[in-house]
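Protein sequences appear in the order of chains A and B. Residues in the first sequence are numbered consecutively from 1, following the UniProt record's numbering. Residues in the second sequence are numbered consecutively from 1, following the UniProt record's numbering. Every residue, glycine too, gets a C-beta built ideally from N, C-alpha and C. All values reported here derive from a predicted model rather than from experimental measurement. A quick write-up on the structure given underneath.
There are 2 protein chains.
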Amino acid sequence: MTYELWYWNGIPGRGEFVRLALEAAKTPYRDCTREPGAGQERLLEDMNRVREYPPFAPPYLVVDRMVISQTANILLFLGEKHSLAPADTAGRLWVNQIQLTIADMVVEAHDVHHPIASSLHYEEQKAESLRRAQVFRETRIPKFLHYFERVLIPHEGWLTAGTHWSYADLSLFQLVDGLLHAFPKRMAAVISDYPCLSGLHKRVGALPELQDYFASPRRLPFGDGMFRYYPELDGE
Amino acid sequence: MTYELWYWNGIPGRGEFVRLALEAAKTPYRDCTREPGAGQERLLEDMNRVREYPPFAPPYLVVDRMVISQTANILLFLGEKHSLAPADTAGRLWVNQIQLTIADMVVEAHDVHHPIASSLHYEEQKAESLRRAQVFRETRIPKFLHYFERVLIPHEGWLTAGTHWSYADLSLFQLVDGLLHAFPKRMAAVISDYPCLSGLHKRVGALPELQDYFASPRRLPFGDGMFRYYPELDGE
Numbered sequence: 001m002t003y004e005l006w007y008w009n010g011i012p013g014r015g016e017f018v019r020l021a022l023e024a025a026k027t028p029y030r031d032c033t034r035e036p037g038a039g040q041e042r043l044l045e046d047m048n049r050v051r052e053y054p055p056f057a058p059p060y061l062v063v064d065r066m067v068i069s070q071t072a073n074i075l076l077f078l079g080e081k082h083s084l085a086p087a088d089t090a091g092r093l094w095v096n097q098i099q100l101t102i103a104d105m106v107v108e109a110h111d112v113h114h115p116i117a118s119s120l121h122y123e124e125q126k127a128e129s130l131r132r133a134q135v136f137r138e139t140r141i142p143k144f145l146h147y148f149e150r151v152l153i154p155h156e157g158w159l160t161a162g163t164h165w166s167y168a169d170l171s172l173f174q175l176v177d178g179l180l181h182a183f184p185k186r187m188a189a190v191i192s193d194y195p196c197l198s199g200l201h202k203r204v205g206a207l208p209e210l211q212d213y214f215a216s217p218r219r220l221p222f223g224d225g226m227f228r229y230y231p232e233l234d235g236e
Numbered sequence: 001m002t003y004e005l006w007y008w009n010g011i012p013g014r015g016e017f018v019r020l021a022l023e024a025a026k027t028p029y030r031d032c033t034r035e036p037g038a039g040q041e042r043l044l045e046d047m048n049r050v051r052e053y054p055p056f057a058p059p060y061l062v063v064d065r066m067v068i069s070q071t072a073n074i075l076l077f078l079g080e081k082h083s084l085a086p087a088d089t090a091g092r093l094w095v096n097q098i099q100l101t102i103a104d105m106v107v108e109a110h111d112v113h114h115p116i117a118s119s120l121h122y123e124e125q126k127a128e129s130l131r132r133a134q135v136f137r138e139t140r141i142p143k144f145l146h147y148f149e150r151v152l153i154p155h156e157g158w159l160t161a162g163t164h165w166s167y168a169d170l171s172l173f174q175l176v177d178g179l180l181h182a183f184p185k186r187m188a189a190v191i192s193d194y195p196c197l198s199g200l201h202k203r204v205g206a207l208p209e210l211q212d213y214f215a216s217p218r219r220l221p222f223g224d225g226m227f228r229y230y231p232e233l234d235g236e
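Right, dumping it as structure tokens:
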């Protein structure tokens, strides 16, 4: 059984949270839109197939006869299947909760450069972006990062008790990575307030099971995805 | 064992998705912030308690020694515990996926009147709201509702195969209810395009297990919650 991952071609985006879990679990998968001769059209065609459980949007995972969409839902499935999260109810729900909180911050990071509509260009909503970016930098970044720092402390550096990472640790790495890319000045100014979070970012970046992936062309640069760097939206 | 539900006082908001599930399951619960003499301060005090798994934001549910937050995560738990969702993997993930898609639309409905910051008043971001509302009405409402209509058809009116509702059916009712409140003109213009969704809204509204609740003061009006009615943001 090889998983089929479907996501927009050319950006890490939300697909990257799934890729990190698949790669760290050493699970074979096809990144369907990125296969030679494939591309965005193949994704749109596949999304329109008649299915019992059709996705609303990518990413989605096709496995056996199941079609699983929504990033946090895919990770819930992979967590259970590949032991990438605790098996007990409290631990499993905790990891899912953190994943959903990460997802909330990802939406906000995206909406900084698209506060009016995803369907419009950044340049068409730049005035609104400048306003939203200021609030995001000054209020939202500290609020979210303070929370993640707070929940890392009692667990000695991972989100779950014990010495092993969960899929939400990988996602938290990706979130911090994205923020460092999109808001380098702001992150440089505040990162020392979050030593546990910064430590987690470094530890996931150094995980032996991810080194092959990070060195491969499968790992995409941020580009025009959720996390975008516009100098005018950043600031200390 | 009585559940403790914690949410902002005075608005249905995200807490309402949890309330509907608890009420329809006929499960006893305390709505802690709304108890006599309680209120917002009691919520803030409780949120700051030192806990192994602290919430990022309300709603959260306290049960036995667990603290479960994030709306979709609470519902995942209640769904498993009270059979409010299918027990098999495919059905359970499907209901979770729909719940997450509903949550995505709730964020967008909220951001129509708060496109810059939740911490600012509507009047401080009204110009941006007018722009975002137009996109929401013309593009996002049809996109989401078309999807929900599409997934209801093969299942004869509920989101899951079979003759029983799941917690996501209750949430979909609440979503439509909120849209009818916030965008009455727009919804009146498009609702006939979505007969299955409209039918689900009516059927959940008539569920025998919810009639006591709907007639009680426990069911709150929309007010200044996620779904708000501003005439200038509505239109056909």
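Same chain only: Cβ atoms within 7 Å of residue i, ignoring 5 sequence neighbours per side
| i | result |
| --- | --- |
| PRO184 of chain A | ASP234 |
| LEU170 of chain B | LEU20, ALA21, ALA24, VAL204 |
| TYR53 of chain A | VAL67 |
| ARG186 of chain B | ARG137, ILE141, ASP234, GLY235, GLU236 |
| VAL63 of chain B | MET1, TYR3 |
| TYR229 of chain B | HIS181, ALA182 |
| GLU108 of chain B | PHE136, ARG140 |
Proximity of residue i and residue j at Cβ, strictly below 9 Å
| i | j | result |
| --- | --- | --- |
| TYR167 of chain A | LEU61 of chain A | no |
| THR11 of chain A | ASP224 of chain A | Correcting the residue type first, residue 11 of chain A is Ile in the shown sequence and not Thr. Yes, the Cβ-Cβ distance between ILE11 of chain A and ASP224 of chain A is below 9 Å. |
| TYR122 of chain B | HIS113 of chain B | yes |
| GLU4 of chain B | ARG42 of chain B | no |
| LEU200 of chain A | PHE173 of chain A | yes |
| LEU100 of chain A | PHE148 of chain A | no |
| ALA90 of chain A | ALA72 of chain B | no |
| PRO115 of chain B | GLU128 of chain B | yes |
| ASN9 of chain A | THR33 of chain A | yes |
| PRO59 of chain B | ARG14 of chain B | yes |
| LEU175 of chain B | VAL95 of chain B | no |
| ARG137 of chain A | GLN125 of chain B | no |
| LEU152 of chain A | PHE227 of chain A | no |
| THR160 of chain A | PRO208 of chain A | no |
| LEU76 of chain A | LEU93 of chain B | yes |
| PHE222 of chain A | HIS181 of chain A | yes |
| SER69 of chain A | GLN97 of chain B | yes |
| GLU35 of chain B | LEU220 of chain B | no |
| ALA57 of chain B | VAL135 of chain A | no |
| ALA103 of chain B | GLU232 of chain B | no |
Range of the contiguous alpha helix (DSSP H) that encloses residue i
| i | result |
| --- | --- |
| MET105 of chain B | 89–113 |
| SER198 of chain A | 195–205 |
| GLY178 of chain A | 167–182 |
| SER129 of chain A | 126–135 |
| VAL151 of chain A | 141–152 |
| GLY15 of chain A | 15–24 |
| TYR122 of chain A | Element bounds for TYR122 of chain A: n/a, residue is neither H nor E. |
| ARG42 of chain A | 40–47 |
| PHE214 of chain A | 211–215 |
Cross-strand partners of residue i (DSSP beta bridge)
| i | result |
| --- | --- |
| SER69 of chain A | A:TYR60 |
| LEU29 of chain B | A quick correction: the sequence has Tyr, not Leu, at residue 29 of chain B. Paired residues: B:TYR3. |
First and last residue of the uninterrupted beta strand (DSSP E) at residue i
| i | result |
| --- | --- |
| GLU4 of chain A | 3–6 |
Other residues of its chain near residue i: CB distance less than 6 Å, five sequence neighbours each side excluded
| i | result |
| --- | --- |
| ALA189 of chain B | GLU236 |
| ASP177 of chain A | none |
| LYS81 of chain A | none |
| TRP165 of chain A | TRP158 |
| SER65 of chain A | It should be noted that the sequence gives Arg, not Ser, for residue 65 of chain A. Taken in chain order, the list of residues that qualify is empty. |
| PHE212 of chain B | Checking the displayed sequence, the identity of residue 212 of chain B turns out to be Asp instead of Phe. For ASP212 of chain B, where only same-chain residues beyond five positions count, there are no Cβ hits under 6 Å. |
Cβ neighbours of residue i in the same chain (closer than 8 Å, five flanking residues each side left out)
| i | result |
| --- | --- |
| LEU120 of chain B | HIS114 |
| ASP46 of chain B | TRP6, CYS32 |
| ARG51 of chain B | VAL67 |
| GLY157 of chain B | CYS196, GLY199, LEU200, ARG203 |
| SER192 of chain A | SER198 |
| GLN40 of chain A | TRP8, ASN9, THR33 |
Exercise for the section: Pull out every residue of the stretch 113–132 of chain A whose Cβ sits closer than 7 Å to any Cβ of chain B, in chain order. Expected result: PRO115, ILE116, ALA117, SER119, GLU128, ARG131, ARG132
Handout entry: Residues, ordered as in the chain, of the stretch 35–61 of chain B that lie near chain A by beta-carbon distance below 7 Å
Key = GLU52, TYR53, PRO54, PHE56
Handout entry: Members of the stretch 186–211 of chain B near chain A, C-beta cut-off 8 Å
Key = none
Handout entry: Contact residues within the stretch 93–104 of chain A, judged by C-beta distance below 7 Å to chain B
Key = LEU93, TRP94, ASN96, GLN97, LEU100, THR101
Problem - Contact list for the stretch 3–36 of chain A against chain B, Cβ threshold 8 Å - result: none
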